[in-house]
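Colleague: Take the sequence shown: its position 102, counting from 1, is numbered 101 in numbering that gives the first Met the number 0, and each next residue is one higher. Right, I'll just put the structure down here and ask away after.
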Amino acid sequence: MSTTKKRNISVVGPNEFTGIKLKEPAEYAAGLPAVKVALQHAFKEMGVVKSFHALSKMNQKEGFDCPGCAWPDPEKPSRLGEYCENGVKALAEEATHKKVDKDFFAKYSVEELSNWSDYQIGKSGRLTEPMVLKPGSIHYEPISWEDAYSLITHELKKLESPNEAIFYTSGRSSNEAAFLYGLFVRAFGTNNMPDCSNMCHESSGVALSETLGIGKGSVKLEDFDEAQVVIVMGQNPGTNHPRMLSALQKCKENGGKVISINPLEEAGLIRFKNPQQIKGVLSSGTSLTDIHLQVKINQDVSLLKLIIKKLAALDKEKADVFDHKFIKRYTHGFTELLQDIEQYSKEELLELCGVKEELIDKVVAVLADNDKIIICWAMGLTQHKNGVENIKECVNLLLLKGSLGKPGAGTCPVRGHSNVQGDRTVGIMHHVSPVLNKSIENVFNFSPPNKEGLDTVHAIEAMYTKKAKVFVALGGNFLSAASDTKYTAEALQNCDLTVNISTKLNRTHLVTGKTALILPTLGRSEVDEKNGEQRFFTVENSMGKVHRSKGLMKPISNNLKSEPEIIGGIANAYFDTGHVVQWKSLSENYELIREKIETVIKGFKSIEHRSKGTGFYLPNNVRDLDFSKLPNQKAQFSICSLPKHKLKKDEFVLMTIRSHDQFNTTIYGLDDRYRGVYNERRVVFINSEDMKEYNIEKLDIVNLTSHYDNKERKAINFLAIPYNIPKGNLAAYFPETNILVPYNHFADKSHTPISKSIIVRIHKV
Ligand SMILES: Nc1nc2c(c(=O)[nH]1)N[C@H]1C(S)=C(S)[C@@H](COP(=O)(O)OP(=O)(O)OC[C@H]3O[C@@H](n4cnc5c(=O)[nH]c(N)nc54)[C@H](O)[C@@H]3O)O[C@H]1N2
Ligand SMILES: Nc1nc2c(c(=O)[nH]1)N[C@H]1C(S)=C(S)[C@@H](COP(=O)(O)OP(=O)(O)OC[C@H]3O[C@@H](n4cnc5c(=O)[nH]c(N)nc54)[C@H](O)[C@@H]3O)O[C@H]1N2
Ligand SMILES: [Mo]
């Protein structure tokens, strides 16, 4: 290979401001503004006719699953449409008529594109043909599918061990694609399968598996109708799971109470005007949150301990606050939990969590009297050093109240990507599952590797230290999603080959290995046809229900392939017919893949169920109150320690959150309507008393630095916004602030980066 010049790539993009406008934070979510904004996005990207056509099929039985979040569809979809503002934005982003083709890449070099913002990069359009970036070159050029597969084969065969390759997965892939990918990676010989879950709900998976025996939630959508109390913790459903607001609305209409626990009073949790109901749009809407506990960042354990302590005191008096029958029959560790609670004083816990005692007492009163309790949570709990313990403390509360395995109660980790849960179910994981390996061996006649693979943070480290040399991504935007942007960039740039199977251009296509490939794939809204027959695939929603999804739009280019076909193409080229699996034919026939999934993965039902399109629930031991796989055959109480943040005088705790106009690293627009910030993403939300103390005025420009392991990391140019956030806490958007998150600081056990509790300093410029 020739000696190659290093490309001059900007790994974080521009830091300039875009022209901020501020308004008051919104007082309700959805309503007419949501409908208006949604349609504006759709019309702009897809045109009017295509927009209405597509929207009439989204989340309907004969249509396609929304490419946004994983919130389930109701059994009877609304005739006014079963989608939300941000689902429409997700669709518009995918179904845009703009194209990124060979002319685009001839015009713009990767060096030039890397100076565009993520917003500009994303808006340039859909990828339409396979492209290669050759060593030393700064322009992508077209390559045939066959040549692309040979190039991958060549690089994979050069490796000294299969463990020198990394195979990442984002959560939008179908069950069929993910299953085939996992099968290929294992046949190739490694378990290096990091996935976006590692940065997302891994803490939930670990905590729930250890306490309840399954890494998924236990509630179904219908449970919200019956719940007496829904606690929403560390989650911003108004923006990230808007259709969940309809479920909360129903709960309220049936007399239930909603408690939110969040350092921010998110607009989506205050009041909701349901755009699927005429009265919802015209009236003042439904008030959602009954009690808001403004906890300090990462002090949920202190708060929950105090709630449990107060409930325990009441239970001593009345003996019917906890469900003692349930505790005795189904749980282990109750006495130890009560003993542990004793050692903390009320004053200490109050001080740590920062919540007013009278509000906590209100919550305690509600919890004392009710036992149909659902706890919902998302990234506000998982992305901390003690992410796993945050969730275990929630499980403690549910176990005390017997709020599991009955209607209207249970655990509800609200998933991110639309099929992130399904990908895991069908085998995307870096862990070794002896059961899965045995099953694959029986069905496919080869032995999968039994060495633990690398998760996201360790994959980055392996690439950085040149222990891994090939990086393949099935979707996602690894560079911008992962922590420590500069370190991750160097890691990717150290690779010999980086391959991205993607729908849209993103920064990971620009920050690459010596050679890079872009393999463009069909979006889930597009028709997927083979020999004149239309194929469908399946996905699993946040509540463990598997259902089908069938695209209906004309593909943006006729040079796209489906994800299973691309994986089959790579596998076929690599094994060159010398393997027991018939990769090509398997990858083209999704029915056949589904048959294999059925035989390998427990709980997948027969074709009969699938073809009817109504879907089926996967097995869930918590729903059946079966804890036989756990120690003592019981659900486990856990003793969790208090999170410790020894802050120096000028240090803050920063949470990196999503604005209303983004899907992870895809930036739909520059507005965060509910928080009152328009046309700007480079902002930091700060308490006004802190501003006074540090002599910072509204809209002053500040820089943020973090100082882990004696290394300064710096993110520059943020506008200070006074906001209702606890003192000592800050909030800013990701991915702009990922540069501050040290790659080697992550949650115990789950290894999820600490994206919600980064210790930083703020510097006025
Ligand atoms: N439109 C849209 N939809 C999405 C996404 C998107 O980017 N855009 N992303 C998808 C994905 S992959 C995911 S994982 C989900 C993410 O969904 P969320 O988890 O709702 O997303 P975040 O913006 O990270 O919000 C975290 C929330 O937790 C709060 N929080 C932060 N730290 C703490 C804490 O220590 N304690 C408590 N109690 N609260 C805290 C924040 O104030 C914020 O309200 O959404 C999915 N859906
Ligand atoms: N600081 C900070 N960092 C975070 C988080 C945070 O809260 N704070 N959240 C974390 C979380 S929860 C997650 S899940 C990760 C997200 O990490 P990723 O899943 O890696 O990132 P996304 O931005 O969702 O990926 C978007 C890209 O996916 C591709 N894509 C979209 N649809 C499809 C499809 O159907 N098929 C294929 N093959 N490709 C497609 C497009 O090319 C698009 O550019 O980020 C994590 N990073
Ligand atoms: Mo996520």
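Every residue gets a Cβ at the ideal spot worked out from N, C-alpha and C, and that includes glycine. The structure presented is a predicted model; accordingly, all values stated were derived computationally and were not measured.
Hey, out of K371, V701, D322, whose CA is closest to E15's CA?
Modeller: Here residue 15 is taken as the residue at index 16 of the sequence shown, counted from 1. The candidate whose alpha carbon is nearest that of E15 is V701.
Colleague: Taking Cβ to Cβ, would you say P71 is nearer than 8 angstroms to R523?
Modeller: Looking up residue 71 in the sequence shown gives position 72. Looking up residue 523 in the sequence shown gives position 524. The answer is no: Cβ separation not under 8 angstroms.
Colleague: Shorter than 7 angstroms, the distance from the beta carbon of C65 to the closest heavy atom of ligand 2, or not?
Modeller: Taking the first residue of the sequence shown as 1, we reach residue 65 at position 66. Not so, every heavy atom of ligand 2 lies at least 7 angstroms from the Cβ.
Colleague: What does the Cβ neighbour count give for S640, buried or exposed, with the cut at 16 atoms within 10 Å?
Modeller: Your numbering for residue 640 matches position 641 in the sequence shown. S640 is exposed by the Cβ-count criterion.
Colleague: By Cβ distance below 6 angstroms, which residues in the same chain neighbour P734 in space, the five residues on each side in sequence not counted?
Modeller: The count along the sequence shown starts at 1 and reaches residue 734 at position 735. Answer for P734: S479, T664, listed in chain order.
Colleague: Taking 6 angstroms as the limit between beta carbons, can you name the residues of its chain near N813, skipping five residues before and five after?
Modeller: Residue numbering for the chain in the displayed model covers 0 to 764; residue 813 lies beyond these limits and cannot be assessed.
Colleague: Which residues bound the alpha helix (DSSP H) around T152?
Modeller: Position 153 of the sequence shown, counted from the first residue, corresponds to residue 152. Run containing T152: 144–157, per the alpha helix (DSSP H) assignment.
Colleague: Just jot down, in chain order, the residues whose CB lies closer than 7 angstroms to any heavy atom of ligand 3.
Modeller: The filter returns G170, C195, M198, C199, H200, M378, G415, H416, V419, N663, in chain order.
Colleague: So, for C83: in the same chain, excluding its five sequence neighbours on each side, which residues have a beta-carbon less than 6 angstroms away from its beta-carbon?
Modeller: Start at 1 with the first residue of the sequence shown, and residue 83 comes out as number 84. If we look at C83 and ignore the five residues flanking it on each side, its Cβ neighbours are P241, R242.
Colleague: Using only the heavy atoms of ligand 2, determine whether one of them is closer than 7 angstroms to the beta carbon of Q234.
Modeller: Counting from one through the sequence shown, the residue named residue 234 turns up at place 235. Checking the Cβ of Q234 against ligand 2 gives no.
Colleague: From N261 to L305, what distance separates their C-alpha atoms?
Modeller: In the sequence shown, the residue the question calls residue 261 occupies position 262. In the sequence shown, the residue the question calls residue 305 occupies position 306. One C-alpha to the other measures close to 16 angstroms.
Colleague: Tell me whether P412, by its Cβ, gets closer than 7 angstroms to a heavy atom of ligand 1.
Modeller: The residue labelled residue 412 in the question sits at position 413 within the sequence shown. Answer for P412: no, Cβ out of range of ligand 1.
Colleague: Answer yes or no: do N190 and P448 have a C-beta to C-beta separation smaller than 8 angstroms?
Modeller: Along the sequence shown, read from residue 1 onward, the residue named residue 190 stands at position 191. Along the sequence shown, read from residue 1 onward, the residue named residue 448 stands at position 449. Yes, these two residues count as a Cβ contact at 8 angstroms.
Colleague: At what residues does the alpha helix (DSSP H) containing W376 begin and finish?
Modeller: Walking along the sequence shown from the start, residue 376 turns up at place 377. Premise fails: W376 lies in the beta strand (DSSP E), 372–376, not in any alpha helix (DSSP H).
Colleague: Measure the Cβ-Cβ separation of V759 and E650 and say whether it is below 8 angstroms.
Modeller: Position 760 of the sequence shown, counting from 1, holds the residue named residue 759. Position 651 of the sequence shown, counting from 1, holds the residue named residue 650. The answer is yes: Cβ separation under 8 angstroms.
Colleague: Taking the alpha carbon of G12 as the point to measure from, which residue in T484, K645, E489 has its own alpha carbon closest?
Modeller: As a first step, residue 12 is located in the sequence shown; it is residue number 13 there, counting from the start. Measuring from the Cα of G12, the nearest candidate turns out to be T484.
Colleague: Verify the contact flag: V683, CB atom, against every heavy atom of ligand 1, threshold strictly below 7 angstroms.
Modeller: Numbered from 1 along the sequence shown, position 684 holds the residue referred to as residue 683. Result no, Cβ not under 7 angstroms from ligand 1.
Colleague: Alpha carbons only, please: which of K601, Q632, K628 is nearest the one belonging to L617?
Modeller: Taking the sequence shown and counting its residues from 1, the one referred to as residue 617 is at position 618. When only C-alpha atoms are compared, the closest one is K601.
Colleague: Buried or exposed: which applies to E163, given that a residue is buried once 16 or more other Cβ atoms fall within 10 Å of its Cβ?
Modeller: Along the sequence shown, read from residue 1 onward, the residue named residue 163 stands at position 164. Buried, because 16 or more other Cβ atoms sit within 10 Å of the Cβ of E163.
Colleague: List the DSSP bridge partners of K560.
Modeller: If you number the sequence shown from 1, residue 560 lands on position 561. T520.
Colleague: From the DSSP secondary-structure annotation, give me the bridge partner or partners of R6.
Modeller: For the purposes of this step, residue 6 is taken as the residue at position 7 of the sequence shown. None; R6 has no bridge partner.
Colleague: Tell me the residue span of the beta strand (DSSP E) that contains R328.
Modeller: By 1-based counting over the sequence shown, the position of residue 328 is 329. Looking at the DSSP string, R328 is not in any beta strand (DSSP E); the run it does join, the alpha helix (DSSP H), is 323–329.
Colleague: Counting contacts by CB-CB distance shorter than 8 angstroms, is L244 in contact with chain C?
Modeller: Absent from the structure: chain C. Only one protein chain is present.
Colleague: Where in the segment 444–514 do unbroken runs of the alpha helix (DSSP H), each at least 4 residues long, occur, reported from the N-terminal end onward?
Modeller: Fully enclosed alpha helix (DSSP H) runs of 4 or longer: 455–463, 477–480, 484–492.
Colleague: Which residues mark the beginning and the end of the beta strand (DSSP E) in which C250 is found?
Modeller: Mapped onto the sequence shown, residue 250 falls at position 251. Looking at the DSSP string, C250 is not in any beta strand (DSSP E); the run it does join, the alpha helix (DSSP H), is 243–252.
Colleague: Are the beta-carbon atoms of E688 and K628 separated by less than 8 angstroms?
Modeller: Counting from 1 along the sequence shown, the entry for residue 688 is found at position 689. Counting from 1 along the sequence shown, the entry for residue 628 is found at position 629. Against a cut-off of 8 angstroms, the Cβ pair of K628 and E688 comes out as no contact.
Colleague: Go ahead and label N7 buried or exposed: buried means 16 or more other beta carbons lie within 10 angstroms of its beta carbon, across all protein chains shown.
Modeller: Sequence index remark: in the sequence shown, residue 7 carries index 8 (1-based). So N7 ends up on the exposed side.
Colleague: Could you tell me which residues DSSP pairs with Y616 in its beta bridges?
Modeller: The residue given as residue 616 occupies position 617 in the sequence shown. According to DSSP, which records beta bridges pairwise, Y616 is partnered with K544.
Colleague: Does A766 come out as helix, strand or coil in the three-state DSSP assignment?
Modeller: It is not possible to answer for residue 766, since the shown part of the chain is limited to 0 through 764.
Colleague: Classify S160: buried if its beta carbon has 16 or more other beta carbons within 10 angstroms, exposed otherwise.
Modeller: As a working mapping, residue 160 is identified with position 161 in the sequence shown. Counting Cβ neighbours within 10 Å, S160 comes out exposed, since fewer than 16 surround it.
Colleague: Leaving out the 5 sequence neighbours to the left and right, which residues in its chain are closer than 7 angstroms to N395 when beta-carbon positions are compared?
Modeller: Taking the first residue of the sequence shown as position 1, residue 395 is located at position 396. Excluding residues within five positions, the ones whose Cβ falls inside 7 angstroms are I307, L336, F636, S637.
Colleague: Where DSSP assigns a beta bridge to A634, which residues make up the other side?
Modeller: In the sequence shown, counting from the first residue as 1, residue 634 sits at position 635. DSSP, once it has assigned bridges, lists T330 as partnering A634.
Colleague: With distance defined between alpha-carbon atoms, name the residue in A37, M378, C68 nearest to F662.
Modeller: Residue 662 sits at position 663 when you count from the first residue of the sequence shown. Per the Cα distances, C68.
Colleague: Out of K106, P741, I500, F536, state which residue places its alpha-carbon closest to the alpha-carbon of L559.
Modeller: Locating residue 559 in the sequence shown gives position 560, counting from the first residue. For the residues K106, P741, I500, F536, the minimum Cα distance to L559 belongs to I500.
Colleague: Can you tell me the Cβ-Cβ gap for V87 and A25, rounded? I've got them flagged as a contact below 8 angstroms.
Modeller: Numbered from 1 along the sequence shown, position 88 holds the residue referred to as residue 87. Numbered from 1 along the sequence shown, position 26 holds the residue referred to as residue 25. Actually they are not in contact, since the Cβ atoms of V87 and A25 sit about 18 angstroms apart, beyond 8 angstroms.
Colleague: Taking the beta strand (DSSP E) that R712 belongs to, which residues open and close that run?
Modeller: Locating residue 712 in the sequence shown gives position 713, counting from the first residue. 710–721 is the extent of the beta strand (DSSP E) around R712.
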